[in-house]
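Structure record follows, encoded as structure tokens.
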Amino acid sequence: MKQEVVEQLVEAAGKGRLDRRAFLTLGAAGAGTILLRPATAQAAPRVKTTANIVIAGAGAAGLAAASHLAARLDGAKITLVDARKEHFYQPGFTLVSSGIKPASYVVSATRDYVPAGVELVEEGVAEFDPEGKKIVTSSGKAIAYDYLVVATGCKLDYAAIAGMDVEQIGNNGLGSIYHSPAKAEATWRAMSNFADNGGVGVFLRPGTEMKCAGAPLKYTFITDDYLRRRGNRGKAELIYNANNKALFSVPIVHEKVRMLFEDRGVKVNYERILESIDLGKRIAVFKTALGPIELQYDFINVIPPMRAPDAVRNSALRWQEGGWANDGWIEVDKHNLRHKRFDNVFAVGDVAGVPKGKTAASVKWQVPVAVDHLVAQIEGKESSAHYGGYTSCPLITRLGQAMLIEFDYKDNLTPSFPGVIAPLEELWISWVMKTMALKPTYISMLRGRA
Ligand SMILES: Cc1cc2nc3c(=O)[nH]c(=O)nc-3n(C[C@H](O)[C@H](O)[C@H](O)COP(=O)(O)OP(=O)(O)OC[C@H]3O[C@@H](n4cnc5c(N)ncnc54)[C@H](O)[C@@H]3O)c2cc1C
Numbered sequence: 514m515k516q517e518v519v520e521q522l523v524e525a526a527g528k529g530r531l532d533r534r535a536f537l538t539l540g541a542a543g544a545g546t547i548l549l550r551p552a553t554a555q556a557a558p559r560v561k562t563t564a565n566i567v568i569a570g571a572g573a574a575g576l577a578a579a580s581h582l583a584a585r586l587d588g589a590k591i592t593l594v595d596a597r598k599e600h601f602y603q604p605g606f607t608l609v610s611s612g613i614k615p616a617s618y619v620v621s622a623t624r625d626y627v628p629a630g631v632e633l634v635e636e637g638v639a640e641f642d643p644e645g646k647k648i649v650t651s652s653g654k655a656i657a658y659d660y661l662v663v664a665t666g667c668k669l670d671y672a673a674i675a676g677m678d679v680e681q682i683g684n685n686g687l688g689s690i691y692h693s694p695a696k697a698e699a700t701w702r703a704m705s706n707f708a709d710n711g712g713v714g715v716f717l718r719p720g721t722e723m724k725c726a727g728a729p730l731k732y733t734f735i736t737d738d739y740l741r742r743r744g745n746r747g748k749a750e751l752i753y754n755a756n757n758k759a760l761f762s763v764p765i766v767h768e769k770v771r772m773l774f775e776d777r778g779v780k781v782n783y784e785r786i787l788e789s790i791d792l793g794k795r796i797a798v799f800k801t802a803l804g805p806i807e808l809q810y811d812f813i814n815v816i817p818p819m820r821a822p823d824a825v826r827n828s829a830l831r832w833q834e835g836g837w838a839n840d841g842w843i844e845v846d847k848h849n850l851r852h853k854r855f856d857n858v859f860a861v862g863d864v865a866g867v868p869k870g871k872t873a874a875s876v877k878w879q880v881p882v883a884v885d886h887l888v889a890q891i892e893g894k895e896s897s898a899h900y901g902g903y904t905s906c907p908l909i910t911r912l913g914q915a916m917l918i919e920f921d922y923k924d925n926l927t928p929s930f931p932g933v934i935a936p937l938e939e940l941w942i943s944w945v946m947k948t949m950a951l952k953p954t955y956i957s958m959l960r961g962r963a
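The working numbering applies: residue 514 is where the sequence shown begins, and numbers increase by one.
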């Protein structure tokens, strides 16, 4: 798509000629701050209350929830609890590990986004006690609440891979784009070295639920592109290892990626889960139905299993049975994010035990819904706000092009601009959204303005 078309979209949006959903989602998908609407939360009259609300986790979802609650409530005591002082813009990790942005691009301070009147307790939550309506921090301080919003994100369980040592990321062909800004940058150095020399590149995703399931695929495409640009694709073999029978949970996206991988000469193995790694010998061992299979690599992008953080996983908040119980995802109603057994508890962001939605783009749609239900409860009313599973992934397929994949719980593709941005086409505009417009939109989301 051409620049003029984007400008026309922007102009049409400004004149109210786009339908409301397209207009709002253009902001969500990352078309730049120019399109951001004032949040409806801020337009509604504020509700007077003395409610005591604790938000566990001050990442994307926790900060957005704090901003929405502060805007909607007058007099509430709102406390954010998170030990991490730095805020990480994680959608940018892929760009850092691809040499497109420096690590500083994704790091800022949590305090910069804490709304006025909201208290930030710089400690982790060590224990959730939903029966006692309190949390206990890592220093042993109990904090009581009337309402709890859990937004602790995922734990990256590198320790579950025998032989893995995160300190070695960047050395000896070991990459991992998920760990941190510094390790994303170290991964770039390892991948760039591989693109200079060729060899065997091994890519994978974990057997658990994960945030941004498109990221492992993106990084395979980007590595392929660097090899081609440096004239070394013929010297390399790229192998992608899927955890199950699909490359992506949405069937039509799976098929598109499968075709692109075939076209680019990326070999695919299905039903392989990384269980151990020998960093010195550069051997990865995968669990398969036929027993363990070893792959020798020159470069590997390790993506660890992801679970709820221990404090959540060890609490009564987790699913009690079914596929999400073991990893500790929180048992919420998938349409309103309210806990199924504790009606004063909500979970938003990656920690919510819902079928899709582990992206920052999902947070944008989840938080206003959960907040609307919480505020309605304070008022003694019912909310009809509904989250349909919106999830979005700008799937980079080469430098300068991406597919803007948007979908819902039912695996429907939900393109924000039907007829304008085709979800399964590799487009320049989708690349622009990912690399330039998504971050300002994300920052506005933290402030409750998107
Ligand atoms: C490599 C990569 C690429 C991505 N690409 C995209 C993309 O292109 N588009 C997209 O929309 N999304 C993308 N994402 C996903 C997106 O970043 C997450 O879905 C989003 O950050 C989820 O927000 P969250 O608040 O649930 O978790 P986070 O933002 O991770 O925040 C969780 C917070 O909880 C805190 N916490 C953890 N445990 C506790 C505890 N016990 N007590 C208190 N606080 C705790 C943490 O310190 C952290 O601050 C990507 C992520 C990665 C890693």
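By construction, the Cβ of each residue, glycine as well, lies at the ideal position given by its N, Cα and C atoms.
Would the C-beta of residue 905 count as close to ligand 1, meaning under 7 Å from any of its heavy atoms?
-> Along the sequence shown, one-based indexing puts residue 905 at 392. Checking the Cβ of residue 905 against ligand 1 gives yes.
In three-state terms, what does DSSP make of residue 534?
-> Taking the first residue of the sequence shown as 1, we reach residue 534 at position 21. In this prediction, residue 534 has a pLDDT of 45, which is less than 50 and means its spatial position is unreliable; what the coordinates show is noted afterwards. Assigned with DSSP and collapsed to three states, residue 534 falls in helix.
Pick out whichever of 578, 628, 731 and 686 has its Cα sitting closest to the Cα of residue 608.
-> Here residue 608 refers to the residue found at position 95 of the sequence shown. Nearest option by C-alpha distance: 731.
Three-state secondary structure assigned by DSSP to residue 517 = The residue given as residue 517 occupies position 4 in the sequence shown. Residue confidence is low: residue 517 scores 48 on pLDDT, short of 50, so the model does not pin down where it sits. No coordinate-derived value is stated.
Of the residues 681, 580 and 651, which one's Cα is nearest the Cα of residue 629?
-> Residue numbering aside, residue 629 sits at position 116 when the sequence shown is read from its first letter. Ranking the options by Cα distance to residue 629, first place goes to 580.
Report whether the distance from the Cβ of residue 629 to the nearest heavy atom of ligand 1 is below 7 Å.
-> Mapped onto the sequence shown, residue 629 falls at position 116. Not under cutoff, so the answer is no.
Identify whether residue 962 lies in helix, strand or coil by the three-state DSSP scheme.
-> Position 449 of the sequence shown, counting from 1, holds the residue named residue 962. Residue 962 falls in the coil class under three-state DSSP.
Heavy atom of ligand 1 less than 7 Å from the Cβ of residue 748, yes or no?
-> Mapped onto the sequence shown, residue 748 falls at position 235. For residue 748, the CB stays at least 7 Å from every heavy atom of ligand 1.
Is residue 598 near ligand 1, judged by its Cβ being under 7 Å from some heavy atom?
-> Within the sequence shown, the letter at position 85 stands for residue 598. If you check the C-beta of residue 598 against ligand 1, you find no heavy atom less than 7 Å away.
Using a Cβ-Cβ cut-off of 8 Å (strictly less than) and excluding sequence neighbours within five positions of residue 551, which residues of its own chain qualify?
-> Indexing the sequence shown from 1 puts residue 551 at position 38. Summary for residue 551: the model assigns pLDDT 37, below 50, so the residue's position carries little reliability, and this model does not support an answer.
Between the Cα of residue 744 and the Cα atoms of 709, 767 and 657, which residue gives the shortest distance?
-> As a first step, residue 744 must be located in the sequence shown, where it is residue number 231. The shortest Cα separation from residue 744 among 709, 767 and 657 belongs to 709.
Other residues of its chain near residue 749: CB distance less than 7 Å, five sequence neighbours each side excluded | Here residue 749 refers to the residue found at position 236 when the sequence shown is read from its first residue. Exclusion of the five residues before and after residue 749 leaves 711, 712, 714 and 740 as the residues of its chain whose Cβ lies within less than 7 Å of its Cβ.
Option in 855, 690 and 954 with minimal Cα separation from residue 873 | Here residue 873 is taken as the residue at index 360 of the sequence shown, counted from 1. The candidate whose alpha carbon is nearest that of residue 873 is 954.
Reference residue 956, options 896, 604 and 888, closest by Cα = Here residue 956 is taken as the residue at index 443 of the sequence shown, counted from 1. Residue 604 is the option with its Cα nearest to residue 956.
Going by the beta-carbon positions, is the gap between residue 789 and residue 675 smaller than 8 Å?
-> In the sequence shown, residue 789 corresponds to position 276, counting from 1. In the sequence shown, residue 675 corresponds to position 162, counting from 1. If you check the CB distance, residue 789 and residue 675 come in under 8 Å.
Would you list, in sequence order, the uninterrupted beta strand (DSSP E) runs of no fewer than 3 residues that lie entirely inside the stretch 753-835?
-> DSSP runs (the beta strand (DSSP E)) wholly in the stretch 753-835: 779-782, 786-791, 796-800, 806-809 and 812-814.
Identity of the residue in 567, 557 and 576 nearest residue 877 by Cα = As a position in the sequence shown, residue 877 is number 364, starting the count at 1. With distances taken between Cα atoms, residue 877 lies closest to 576.
Where does residue 741 fall in DSSP's three states?
-> Working through the sequence shown from its first residue, we reach residue 741 at position 228. Correct three-state label for residue 741: helix.
Residue 534 to residue 772 span [Cα, whole Å] | Numbered from its first residue, the sequence shown carries residue 534 at position 21. Numbered from its first residue, the sequence shown carries residue 772 at position 259. Confidence is the limiting factor: at residue 534 the pLDDT is only 45, short of 50, which leaves the residue's position unreliable, though a coordinate-based value still follows. Going from the Cα of residue 534 to the Cα of residue 772 covers about 31 Å.
Option nearest residue 572 by Cα separation, candidates 596, 583 and 566 | Position 59 of the sequence shown, counting from 1, holds the residue named residue 572. Across the set 596, 583 and 566, the C-alpha of 596 shows the shortest separation from the C-alpha of residue 572.
Would you say the stretch 689-708 touches the stretch 877-897, given that touching needs at least three Cβ pairs under 8 Å?
-> No, the stretch 689-708 does not touch the stretch 877-897.
Can you tell which of 644, 601 and 838 has its C-alpha closest to the C-alpha of residue 618?
-> As a position in the sequence shown, residue 618 is number 105, starting the count at 1. Taking only the C-alpha atoms, the option nearest residue 618 is 601.
Starting from the C-beta of residue 800, find all residues in its chain whose C-beta is less than 6 Å away, skip the five residues before and the five after it, and write them out in chain order.
-> Locating residue 800 in the sequence shown gives position 287, where the first residue counts as 1. Same-chain partners within the cutoff: 786 and 788.
How would you label residue 949, buried or exposed, when you count the other beta carbons within 10 angstroms and need 16 or more for buried?
-> Indexing the sequence shown from 1 puts residue 949 at position 436. Burial call: exposed.
Residues near residue 671 in its chain [Cβ-Cβ closer than 7 Å; skip 5 each side] = The residue you call residue 671 lines up with position 158 of the sequence shown. Result list for residue 671: 677, 679 and 817, in chain order.
Span of the alpha helix (DSSP H) around residue 888 | Taking the first residue of the sequence shown as 1, we reach residue 888 at position 375. Here the alpha helix (DSSP H) through residue 888 covers 873-892.
Hey, how far is the Cα of residue 554 from the Cα of residue 959?
-> Looking up residue 554 in the sequence shown gives position 41. Looking up residue 959 in the sequence shown gives position 446. Low local confidence applies: a pLDDT of 47 at residue 554 is under 50, so the model's placement there is unreliable, with the coordinate-based value given in what follows. Taking the straight line from one Cα to the other gives about 13 Å.
Does the distance from the CB of residue 792 to the CB of residue 717 come in under 8 Å?
-> Here residue 792 is taken as the residue at index 279 of the sequence shown, counted from 1. Here residue 717 is taken as the residue at index 204 of the sequence shown, counted from 1. At the C-beta level, residue 792 and residue 717 stay beyond 8 Å of one another.
Classification of residue 919 by the beta-carbon crowding that lies within 10 angstroms, buried from 16 upward | Stepping through the sequence shown from its first residue, residue 919 is reached at position 406. Taking all protein chains shown into account, residue 919 has 16 or more neighbouring C-beta atoms within 10 Å of its C-beta and is therefore buried.
Measuring from the CB of residue 724, is there a heavy atom of ligand 1 at a distance below 7 Å?
-> Against the sequence shown, residue 724 aligns to sequence position 211. Yes.
Return helix, strand or coil for residue 895, following the three-state DSSP convention.
-> Numbered from 1 along the sequence shown, position 382 holds the residue referred to as residue 895. Residue state, collapsed to three classes: coil.
Buried or exposed by the 16-neighbour rule on C-beta atoms within 10 Å, applied to residue 866 = Translated into the one-based positions of the sequence shown, residue 866 becomes position 353. Residue 866 is buried by the Cβ-count criterion.
May I ask you to check if the CB of residue 606 is nearer than 7 Å to at least one heavy atom of ligand 1?
-> The residue given as residue 606 occupies position 93 in the sequence shown. Flag set: Cβ of residue 606 near ligand 1.
Does the stretch 624-638 come close enough to the stretch 585-592 that 3 or more CB-CB pairs lie under 8 Å?
-> Between the stretch 585-592 and the stretch 624-638 there are three or more C-beta pairs closer than 8 Å, enough to call the two in contact.
For residue 925, which of 854, 810, 938 and 764 has the nearest alpha-carbon?
-> Looking up residue 925 in the sequence shown gives position 412. Here the closest residue by C-alpha is 764.
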